[in-house]
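Accompanying notes for the structure given below.
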Amino acid sequence: MGQYEDTDGVFYITGTWVVANGRLDLLKTYADDGYTIAYGGDVDDATGTWTGEWTAGDLTGELKFNLPLHDCVVCGASAKVPNAQQKCFGCEATEAQYFTVEAEDDSSSNDWSMSVYLAFTPDVEANVYRVDCAGYDTESYVVSGAWKDGCLNFAKHYAKSTVNYDVYYNDSTKKCIGTMVDGDGVSKSISFAMDMSPCTQCGADVPVANS
């Protein structure tokens with residue numbers, strides 16, 4: 248989200264705001280020594296109040312900020328956005344879809360799951376859906392990849408490692424099935440359900456509505 252500076256030095260802010268449930272998580276990382284402060288909590292879109300807790304090493308405390316929120320430039324006061332002159336997700340063009348999927352490990356009896364935040368954008372000329380977004384779980388990451396003809400390949404790029412996903416969509420089970428290779432090179436068999444919509448031309452399941 249940007250580079251800034253205070254009395255302790257230059258720092259970076261990364262994180263995510265999940266509008267659907269109001270959850271806002273930010274990580275402040277100092278450039279010199281990598282010291283981090285994590286902030287997490289819920290945003291009341293009616294008042295702009297962000298409440299939760301902060302954590303820095305062994306220290307923790309309560310968090311309360313008033314965030315400036317603005318009316319969506321299209322639908323007005325029915326939806327709030329963090330930046331002025333911005334559209335809410337409901338009024339954005341239909342070429343992007345944002346959701347979270349849970350990946351479950353099929354290769355063992357151990358309970359295992361991982362949230363993956365994906366956004367798809369159609370690339371009509373290349374006949375693919377591009378995956379280009381960012382998120383946060385144990386740390387910030389950037390996602391890149393593509394969906395084409397029922398195959399989804401994408402990677403989560405962390406600061407010091409990359410997790411690769413290679414799956415295909417089964418239209419009978421409505422699940423994506425394939426493998427995940429973590430940053431240590433360990434491969435896991437995974438599957439996850441994904442919301443799909445019919446293609447406007449051929450009727451096949453695609454990850455973006457009205458496309």
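If you read the sequence shown in my numbering, its first letter stands for residue 248, the second for the next number, and so on. A virtual CB, placed ideally from N, CA and C, is assigned to each residue, including glycine.
Among the options, nearest to residue i - alpha-carbon criterion
i: Arg377; options: Asn400, Glu309 and Ala440; result: Asn400
i: Ala285; options: Thr420, Asp384, Glu252 and Glu372; result: Asp384
i: Ala373; options: Gly299, Trp394, Val455 and Gly287; result: Trp394
i: Leu365; options: Pro329, Lys435, Cys446 and Ala402; result: Ala402
i: Ser444; options: Ser434, Ser436, Lys435 and Val455; result: Val455
i: Ala267; options: Tyr277, Cys335, Thr307 and Gly287; result: Cys335
i: Asp442; options: Gln448, Glu252, Ile260 and Val453; result: Val453
i: Gly276; options: Gln250, Trp264 and Thr296; result: For the record, residue 276 in the displayed sequence is Thr; it is not Gly. The candidate whose alpha carbon is nearest that of Thr276 is Gln250.
i: Thr254; options: Val320, Ser419 and Asp279; result: Asp279
i: Trp264; options: Thr447, Asp431, Gly430 and Cys380; result: Cys380
i: Ala406; options: Val389, Val428 and Ser419; result: Val389
i: His404; options: Val363, Pro369 and Val290; result: Val363
Endpoints, beta strand (DSSP E) assigned at residue i
i: Val375; result: Val375 to Tyr383
i: Ala303; result: Thr296 to Ala303
i: Lys403; result: Cys398 to His404
i: Asn313; result: Leu306 to Asn313
i: Val389; result: Ser387 to Lys395
i: Asp431; result: Note, Asp431: premise wrong, no beta strand (DSSP E); not H, not E.
i: Cys449; result: Element bounds for Cys449: n/a, residue is neither H nor E.
i: Cys319; result: His317 to Cys319
C-beta contact flag for residue i and residue j at 8 Å
i: Leu271; j: Asp292; result: no
i: Thr298; j: Leu310; result: yes
i: Ser438; j: Lys422; result: yes
i: Val414; j: Ile424; result: yes
i: Tyr416; j: Gly397; result: yes
i: Gly288; j: Glu300; result: yes
i: Thr283; j: Leu274; result: yes
i: Thr261; j: Ser387; result: yes
i: Gly432; j: Ser408; result: no
i: Val290; j: Gly269; result: yes
i: Thr296; j: Asn313; result: yes
Counterpart residues of residue i in DSSP-defined beta bridges
i: Val265; result: Arg270
i: Cys423; result: Tyr416 and Phe439
i: Val290; result: Trp297
i: Glu252; result: Val257
i: Val328; result: His317
i: Ser323; result: Inspection of the sequence shows that residue 323 is occupied by Gly rather than by Ser. DSSP output for Gly323 lists Cys319 as bridge partner(s).
Cβ-heavy atom distance, residue i to the ligand MN, below 7 Å
i: Gly397; result: As far as ligands go, the structure on display features none, and thus does not contain the ligand MN.
Rounded Cβ spacing between residue i and residue j (contact assumed at less than 8 Å)
i: Cys322; j: Val328; result: No, Cys322 and Val328 are not in contact; Cβ-Cβ is about 10 Å, not under 8 Å.
i: Ser434; j: Thr426; result: 5 Å
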